[in-house]
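Student:
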Amino acid sequence: MKHNNHIGHLNILRFGKAGLGFFLLLSTLLLQSCLKDQEDVFDQSSSLRMQEVLDKTKAALTGNENGWTLDYYPNRELIYGGIAYAIQFKGTEATVYSEKGKKAETSLYKLTNDDGPILSFDTYNSLMHAYATPSSDEYEAKDGDFEFLIMDVQSDVITLKGKRSGVVMYMHRLNQPASEYIAAVQKTDENMYSGKYAFVINGDSILTRRVNNVFTFTDPKTGKSTDMPFITTPTGFEFKDTVNIMGKNVTAFNYSEDGIWANPSDNSIALVAIPQPLTEFLINQNWFFKASAISEKAMTFFNKAKEGSAGEGEEIKYMILGPNDILDGYSGAFGFTFISGGYGGSLHINAEALTDDIITLYFAGTGEGNGLWYFNNANYNSIIGVLTGPAGFSYNLTTDNPKSPTWIKMERTDDPDIYFTVFKEAIGSPFDK
63 MKHNNHIGHL NILRFGKAGL GFFLLLSTLL LQSCLKDQED VFDQSSSLRM
113 QEVLDKTKAA LTGNENGWTL DYYPNRELIY GGIAYAIQFK GTEATVYSEK
163 GKKAETSLYK LTNDDGPILS FDTYNSLMHA YATPSSDEYE AKDGDFEFLI
213 MDVQSDVITL KGKRSGVVMY MHRLNQPASE YIAAVQKTDE NMYSGKYAFV
263 INGDSILTRR VNNVFTFTDP KTGKSTDMPF ITTPTGFEFK DTVNIMGKNV
313 TAFNYSEDGI WANPSDNSIA LVAIPQPLTE FLINQNWFFK ASAISEKAMT
363 FFNKAKEGSA GEGEEIKYMI LGPNDILDGY SGAFGFTFIS GGYGGSLHIN
413 AEALTDDIIT LYFAGTGEGN GLWYFNNANY NSIIGVLTGP AGFSYNLTTD
463 NPKSPTWIKM ERTDDPDIYF TVFKEAIGSP FDK
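Residue numbers for the sequence shown follow our numbering, so the first one is 63 and each next one is one higher.
1) Tell me the DSSP bridge mates of leucine 110?
2) What runs of the alpha helix (DSSP H), each 4 residues or longer, lie entirely inside the segment 264-327?
3) For phenylalanine 351, list the residues DSSP reports as bridge partners.
4) Please name the residue in Thr250, Ala440 and Glu242 whose C-alpha comes closest to that of isoleucine 378.
5) Counting pairs of Cβ atoms below 8 Å between the segment 352-372 and the segment 289-305, do you hit three or more?
6) Should proline 492 be flagged as near chain D, meaning a C-beta pair shorter than 8 Å?
7) Relative to the C-alpha of leucine 211, which residue among Asn175, Ile293 and Arg272 is closest?
8) What's the gap between the Cα of glutamate 139 and the Cα of valine 276?
9) Please give the ranges of any beta strand (DSSP E) in the segment 195-271, keeping only runs that are unbroken, at least 3 residues long and fully inside the region.
10) Checking 8 Å against the spacing of the C-beta atoms, do glycine 391 and proline 385 come in under that value?
11) Which value, in whole angstroms, describes the spacing of the CA atoms of isoleucine 480 and glycine 224?
12) Skipping 5 residues on each side, what residues in its chain have a beta carbon closer than 6 Å to that of lysine 258?
13) DSSP three-state label for serine 169, please.
14) For the alpha helix (DSSP H) that threonine 341 lies in, which residues bound it at each end?
15) By the DSSP assignment, the alpha helix (DSSP H) with alanine 360 in it spans what residues?
16) Could you say which of Thr483, Thr461 and Phe455 lies nearest to aspartate 476 if we only look at CA atoms?
17) Does DSSP put threonine 119 in a helix, in a strand, or in coil?
18) Among Ser169, Ser198, Ser267 and Arg235, which has the Cα closest to the Cα of phenylalanine 208?
19) Is DSSP giving isoleucine 470 helix, strand or coil here?
20) Once you ignore the five residues that flank valine 115 on each side, which residues in its own chain have a CB closer than 8 Å to its CB?
21) Give me the Cβ distance between valine 448 and alanine 360, rounded to the nearest whole Å; I'm assuming they're in contact under 8 Å.
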């Protein structure tokens, strides 16, 4: 036995290289087989789970004829606040309603796998892509999403995360037709819209500012400023997250006809609208010019500036009356602001309200950016000339909606043949409009 063992040992030593190689190869093959079996199980399990989520989402979306709301928050910084959408899903089509739209649009959608289960509105829809489509002025668009990672699916709520922005958003099952829901949202926003608001806390009023669907509140004790993005619902303004205002936790402000819109979780704090004269709307918001809304006599002055920009090889992209905070780094002073080619500038204007609907404009003689260069070298003094003259011009103001203007017509009191209408909606390439 010892001899046999010894001989066997010698044989192993003699043929160890080949023998060990064989055993190692066999072990490797067996290990790879086991690992592949495990990977197949894991891949199959992951794939099945993914498909289950997609199937569950499809069933939920198409299983409700009324559709689903989407509390849409474009931009990772939430600078626009929330935009209310209502979407009906049928087969591979989505009919989209938006509080910003006048009518619905139908396009395709899909549920797919792209590093996770994805709901994608991948064919163009002007409503669904309004904040996600790049332009020459916004090459990253408005940082909005049209593809969403599906985080959770429940019978009444679907949790999404914007694939681009990373913002968490929610869809809610509708109990009324999508068109009726959006109409109710639009009506609520119309009823609650104002140029000026205040929080009323135990009888004390503190002013707040609304830009887009974001309230900005400055604590009078600490001086700390807080932005509070919200979305409009049929019942009122609902904040994306609970906000703290002077020690009060606020989730929403519900509309009521008495004009005192209480926080549902603590009615010791409410939001109220402060009536605002038309002159304040003009001074405190940005208003856009377009050529078709400028009188023939006034247009001769604007055309001189157009020619001045053309002489520099440029096209005027925007002409704006209002606080020049629309351009980064500017002071927010009221005036005439413009973008010509790749250059921006502002010419400051002093505004004096004579009544609620009569205002006088004076050129301040100062500007920002390239404002004064264009004033002196590209005929922009002609626009200031027709707006303010050397000693100021007064205007009668009229509008479509005194509570929530979408346009303001300005008519010179000394010359009714000089007038222009400015618009709340942004208007690019104004000489083509």
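The C-beta atom is built at its ideal place from N, Cα and C for all residues, glycine as well.
Tutor: For this structure:
1) Beta-bridge pairing links leucine 110 to no other residue.
2) none
3) Paired residue(s): none; phenylalanine 351 is not in a bridge.
4) Ala440
5) no
6) Included in the structure is just one protein chain, with no chain D present.
7) Asn175
8) 11 Å
9) 209-215, 219-224, 230-235 and 259-263
10) no
11) 48 Å
12) Ile336 and Gln338
13) strand
14) 340-346
15) 358-373
16) Phe455
17) helix
18) Ser169
19) strand
20) Pro179, Ile212 and Val215
21) 5 Å
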